[in-house]
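For reference, the structure discussed in these notes is given below.
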């Protein structure tokens, strides 16, 4: 993804880095994004309207504007329902394994179409370790439908990444939820920079 880092994204990161943390909201390509910075590390996400089999999907990006490295992983993301019950982002191997066993061509089309619509519409970040780099590597020379589904999943899923200063990553987070959208609640993100809490309507 060869996007130039837009001024609005940079403005958001710099403004929040020098003020008390506050959630910034914006819409892009029909999705509502929220972003919050702690210690120079910015987390941004949007609830995706589509689901994949039994999973609800959240598109997320993390940018490290701090001077030290930051480790991020899917398990850092927890969705809390109004009744207090919690569901965590599934590990990448679980999603890829499911696609190896059950993946179909329609799963690939649905997953890639929905994710690309969100990530390419989200022109506020230029990912250095994200989807586009993984997609090119994962889909090269794959012919089997299930392997193609698994390759697409491995490119799309948010993976554990060590972000050095100035690095960023993006990916889809999969939450087991009986194939339904997550609905209202809170998204809580914990990483080395702090705890991020987002209300979800």
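In this note's numbering, the protein residues as written are 50 to 250. Ideal placement from N, C-alpha and C gives every residue a C-beta, glycine not left out. Since the model is a prediction, treat every value here as computed from it, not as a measurement.
Take the alpha-carbon of residue 244 and the one of residue 75: they are about 21 Å apart. The beta carbon of residue 126 lies closer than 6 Å to those of 138, 222 and 238 in the same chain, with the five residues before and after it left out. Boundaries cannot be given for residue 102, as no alpha helix (DSSP H) includes it and DSSP labels it neither H nor E. Residue range 141–151 is occupied by the alpha helix (DSSP H) that includes residue 141. Judged by their CB atoms, residue 105 and residue 226 are nearer to each other than the 9 Å cut-off. Taking the C-beta atoms as reference points, residue 220 is found no nearer than 9 Å to residue 128. Here the alpha carbon of residue 82 sits roughly 20 Å from the alpha carbon of residue 216.
Inclusion of residue 202 and residue 145 in the CB contact set at 9 Å is warranted, their separation being smaller than that value. Here residue 115 is buried, its C-beta having at least 16 other C-beta atoms within 10 Å.
In the three-state scheme derived from DSSP, where H, G and I count as helix and E and B as strand, residue 156 is classed as helix. Taking all protein chains in view, the Cβ of residue 209 is surrounded by fewer than 16 other Cβ atoms within 10 Å, so the residue is classified as exposed. Looking at the DSSP output, residue 85 bridges to 92. Within the same chain, 138, 139, 140, 141, 207 and 222 come within 7 Å of residue 123 by CB-CB distance, once the 5 residues on both sides are set aside.
Apart from the 5 residues on each side of it in sequence, residue 229 sits with its Cβ closer than 8 Å to the Cβ of 100 and 105 in its chain, given in chain order.
Burial check for residue 204: the Cβ neighbour count within 10 Å reaches 16 or more, so the residue is buried. Separation of residue 155 and residue 98 (C-alpha to C-alpha, rounded to the nearest whole angstrom) is 17 Å. Exclusion of the five residues before and after residue 247 leaves 83 and 236 as the residues of its chain whose Cβ lies within less than 6 Å of its Cβ. Per DSSP, the continuous beta strand (DSSP E) segment holding residue 235 begins and ends at 234–240. Rounded to whole angstroms, the gap between the alpha carbons of residue 85 and residue 94 is 9 Å. About 5 Å separates the beta carbon of residue 119 from that of residue 241, a gap short enough to meet the 8 Å contact definition.
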